[in-house]
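Remarks on the structure that follows.
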Amino acid sequence: MKGPEPLIFELSSPGRKAYSLPACDVPDKEVDFLIPAGFLRTSEPELPEVSEVDVVRHYTRLSQLNHGVDIGFYPLGSCTMKYSPKVNEWAARLPGLAWLHPYQPEEVVQGALQLMYELQQYLAEIGGVDKVSLQPAAGAHGELTGLLLIRAYHRRRGEQREKIIIPDSAHGTNPASAAMTGCRIVEVKSDSRGGVDLGELEKVLDERVAALMLTNPNTLGLFDENIVRIARMVHEKGGLLYYDGANANAIMGYSRPGDMGFDVVHLTCTRRFLPPTAAGAPVPGPWGSRRSSFRSFPCPQWGSMASATSLSTTVP
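Residues in the sequence shown are numbered from 0 upward in steps of one, following numbering that gives the first Met the number 0.
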């Protein structure tokens, strides 16, 4: 392309249109009475006047200026820039899934409940945890759920722990989720190899630490080679480890978060097994635990009509 792409307004020419609407098949109605006069326009909006081909070519050229997973590789540990096979999009659009409604009678959604139940078992194996919940509707929602569980765990033991340790290379939503639980965020620096600096971690570890949140591989795309030692250090102080699964696809089949020592694990399914999420769309963010002391999880129990849709909501 020669030169910068012009603005859509620069392509405008009076009288051009990119649409053709059919004649109105219902009686015209004045709607002024529905909108206060102060909010009504007194002049036409200044919109570009372009033809259909102008619109198509303009936005196609703009799309080619953007980076995307279909045309290139993203080198950092970004949670969104992951390529997924297009067959996954077909599977996600199957009518039996796409047309489900949350208020359907349980007797007509047993197939979906079976899929959810079995998915929980698969994710538990993949994550190296004992139990998984599919209730969180998004990645950050999974973070918040896991952190609330950790907070409830400590309170049930009679401990007042309010510190959440977060590495400076952490996934960006980690400090926001931790703050929403009312905890105090403590940042720990990275070492020269891009992992958690063990010396700096030692300085901030005490009996007030509730958890360490870690993305592994981290946002730099690096696997922390000291993860087992880090887990031991946190556990010795009575804290827990939270695994942000934003980059978990990099370790699929190689290592499991539960085996590294993580107590609570969140996996963002659209970035592991489905295409990247569209802007604003919910991202399934299931989380699991390898701690038997987390007594109950909110998750469907498939297998009997009576319990098929009952959700356990008890906080441990």
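The C-beta atom is built at its ideal place from N, Cα and C for all residues, glycine as well.
Among residues of its own chain, excluding the 5 on either side of F8, which ones have a beta-carbon nearer than 8 Å to its beta-carbon?
In the sequence shown, residue 8 corresponds to position 9, counting from 1. For F8, where only same-chain residues beyond five positions count, the Cβ hits under 8 Å are P47.
Taking only the alpha-carbon atoms, compute the straight-line gap between A230 and Q120 and give it to the nearest angstrom.
Stepping through the sequence shown from its first residue, residue 230 is reached at position 231. Stepping through the sequence shown from its first residue, residue 120 is reached at position 121. Cα to Cα, the separation comes out at about 25 Å.
Option nearest V185 by Cα separation, candidates S254, N215, I163, P101:
Here the question's residue 185 lines up with position 186 in the sequence shown. Of S254, N215, I163, P101, the residue nearest in Cα terms is I163.
Do three or more CB pairs link the region 169–177 to the region 140–147 at distances below 8 Å?
yes
Would you call the region 191–201 in contact with the region 239–247, where contact means no fewer than 3 C-beta pairs closer than 8 Å?
no
Given a cut-off of 7 Å, decide if L99 and A90 are closer than it, judged by their beta-carbon atoms.
Stepping through the sequence shown from its first residue, residue 90 is reached at position 91. Stepping through the sequence shown from its first residue, residue 99 is reached at position 100. For A90 and L99, no; Cβs fall outside 7 Å.
Within 10 angstroms of the Cβ of D223, are there 16 or more other Cβ atoms? Answer buried if so, exposed if not.
Here residue 223 refers to the residue found at position 224 of the sequence shown. Answer is buried; the Cβ neighbour count reaches 16.
Please classify S12 as buried or exposed, where buried requires at least 16 neighbouring CB atoms within 10 angstroms.
Residue 12 sits at position 13 when you count from the first residue of the sequence shown. Classification for S12: exposed.
Where does Y116 fall in DSSP's three states?
Residue mapping note: residue 116 aligns to position 117 of the sequence shown, counting from 1. Three-state DSSP puts Y116 in a helix.
Distance between beta carbons of V227 and M259, contact taken as under 8 Å
Locating residue 259 in the sequence shown gives position 260, where the first residue counts as 1. Locating residue 227 in the sequence shown gives position 228, where the first residue counts as 1. Contact holds; Cβ gap of about 6 Å.
Of the choices L96, D53, G181, D129, whose alpha-carbon is the least far from that of E4?
By one-based count along the sequence shown, residue 4 stands at place 5. The shortest C-alpha separation from E4 is found at D53.
Between which two residues does the alpha helix (DSSP H) containing H57 stretch?
As a working note, residue 57 is residue 58 in the sequence shown. Counting along the chain, the alpha helix (DSSP H) containing H57 begins and ends at 51–64.
Beta-bridge partners of M259, as assigned by DSSP:
Position 260 of the sequence shown holds residue 259. DSSP, once it has assigned bridges, lists no residue as partnering M259.
Taking 7 Å as the threshold (C-beta atoms), are V49 and R15 in contact?
On the sequence shown, residue 15 is found 16 positions in, with the first residue counted as 1. On the sequence shown, residue 49 is found 50 positions in, with the first residue counted as 1. Going by C-beta atoms, R15 is nearer than 7 Å to V49.
C182: buried (16+ other C-beta within 10 angstroms of its C-beta) or exposed?
What you label residue 182 is simply residue 183 of the sequence shown in a count that begins at 1. With 16 or more other Cβ atoms within 10 Å, it is buried.
Locate the beta strand (DSSP E) running through E186, then write down its first and last residues.
Position 187 of the sequence shown, counting from 1, holds the residue named residue 186. Where E186 is concerned, the enclosing beta strand (DSSP E) stretches over 183–187.
Look at G127 and R255 and say whether their C-beta atoms are less than 7 Å apart.
Position 128 of the sequence shown, counted from the start, is the residue given in the question as residue 127. Position 256 of the sequence shown, counted from the start, is the residue given in the question as residue 255. In this structure, R255 lies closer than 7 Å to G127 by Cβ.
Note down, one range per segment and in chain order, each alpha helix (DSSP H) of at least 4 residues found wholly within the region 164–219.
172–179, 197–203
When DSSP labels each residue in this structure, what does Y121 get in the three-state scheme?
In the sequence shown, counting from the first residue as 1, residue 121 sits at position 122. In the structure shown, Y121 sits in a helix (DSSP, three-state: H, G or I).
V264 by DSSP, collapsed to three states: which one?
Indexing the sequence shown from 1 puts residue 264 at position 265. Here V264 sits in strand by DSSP.
I'd like to confirm the pairing. Which residues does DSSP put opposite L240 in its beta bridges?
Locating residue 240 in the sequence shown gives position 241, where the first residue counts as 1. The partner list for L240 (beta bridge, DSSP) reads L211.
Should D262 go down as buried or exposed, given a rule of 16 or more other Cβ atoms within 10 Å for buried?
Stepping through the sequence shown from its first residue, residue 262 is reached at position 263. By the neighbour-count rule (16 or more Cβ atoms within 10 Å), D262 is buried.
Which residue's Cα is closest to the Cα of A177: L146, S189, Y102?
One-based indexing of the sequence shown puts residue 177 at position 178. Among L146, S189, Y102, the Cα nearest to that of A177 belongs to L146.
Identify whether L6 lies in helix, strand or coil by the three-state DSSP scheme.
Taking the first residue of the sequence shown as 1, we reach residue 6 at position 7. L6 falls in the coil class under three-state DSSP.
Report the option in S191, A210, P166 whose CA atom is closest to the CA atom of L148.
Counting from 1 along the sequence shown, the entry for residue 148 is found at position 149. For L148, the nearest C-alpha among the options comes from A210.
Check whether the Cβ atoms of A249 and P216 lie closer than 7 Å to each other.
Residue 249 sits at position 250 when you count from the first residue of the sequence shown. Residue 216 sits at position 217 when you count from the first residue of the sequence shown. Closer than 7 Å, so yes.
Determine the burial state of I34: buried for a count of at least 16 other Cβ atoms within 10 Å of its Cβ, exposed for fewer.
Translated into the one-based positions of the sequence shown, residue 34 becomes position 35. Classification of I34: exposed, given that the 10 Å Cβ count is below 16.
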